[in-house]
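Numbering of the sequence shown is given in UniProt numbering, commencing with residue 1 and proceeding in unit increments.
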Amino acid sequence: MHFQFRSFFVYLSKIRKGIKKMKDPTHIVAVGAVVLNEDQEILLVKTFFRGWEIPGGQVENGENLIDALKREVREESGIEIRVDKLIGVYSNIKKSDPLGSKKNVTTKVILDFVCQKKSGKLSISNETSVSRWIPKNKVLDLISYPIYQERFQNYLNFNGEVNYLAYFNEPNFAVQFRQMI
1 MHFQFRSFFV YLSKIRKGIK KMKDPTHIVA VGAVVLNEDQ EILLVKTFFR GWEIPGGQVE
61 NGENLIDALK REVREESGIE IRVDKLIGVY SNIKKSDPLG SKKNVTTKVI LDFVCQKKSG
121 KLSISNETSV SRWIPKNKVL DLISYPIYQE RFQNYLNFNG EVNYLAYFNE PNFAVQFRQM
181 I
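Following this line, the structure appears as structure tokens:
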């Protein structure tokens, strides 16, 4: 009996050592907003590094998705929104550092929502140089980043099913997996 207890404690000790070696996940959760105004125009913001895109950004620790989305849109554009529905989930499963280093960058999961403007006047922020309402048929002409084009095209094609897409950014943008859910 004593031998069994000793073996059990040795086993537990090995498990604990293994658990200590496991790293905390380093995924980034982000949100994006396709915001429409009363004229059915789309809110775009122009960032300093990526050009034109829909507003959005990282969810902060302890923040829920909806509050993060409202905060990001307000910070980047000055617009208050009502969140209507989830339209897309995107996983960047291999991402390079935008500044060109070779370090590994964490996986990013982005959730896009359709939203309606509630109030506010267009403004800029430390992340955006311009915010503007754009006719729906002109948006893809302005967006140059491939994943942002893909995300907006998914909004245009939205039929009630949420689009899930996993993609790579390097060496070139490529969709690895796509499924309607």
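For every residue, glycine included, the Cβ atom is placed at its ideal position computed from N, Cα and C.
By the neighbour-count criterion, in which 16 or more other beta carbons inside 10 Å mark a residue as buried, Thr-26 falls on the exposed side. Take Ile-181, set aside five residues on each side of it, and the residues of its chain with a beta-carbon closer than 6 Å to its own are Val-162 and Tyr-164, in chain order. Excluding sequence positions up to five before and after Lys-136, its CB lies within less than 8 Å of the CB of Gln-40, Glu-41, Ile-42 and Leu-156, all in the same chain and listed in chain order. If you check the CB distance, Tyr-148 and Ile-54 come in under 9 Å. In this chain, the alpha helix (DSSP H) harbouring Ile-66 covers 65-77.
Nearest Cα to Glu-38 within the set Gly-120, Phe-168, Gln-153 and Gln-179: Gly-120.
Note on geometry: alpha-carbon atoms of Gly-56 and Val-73 lie some 6 Å from one another. Ser-91 and Thr-47 have their C-alpha atoms spaced approximately 21 Å apart.
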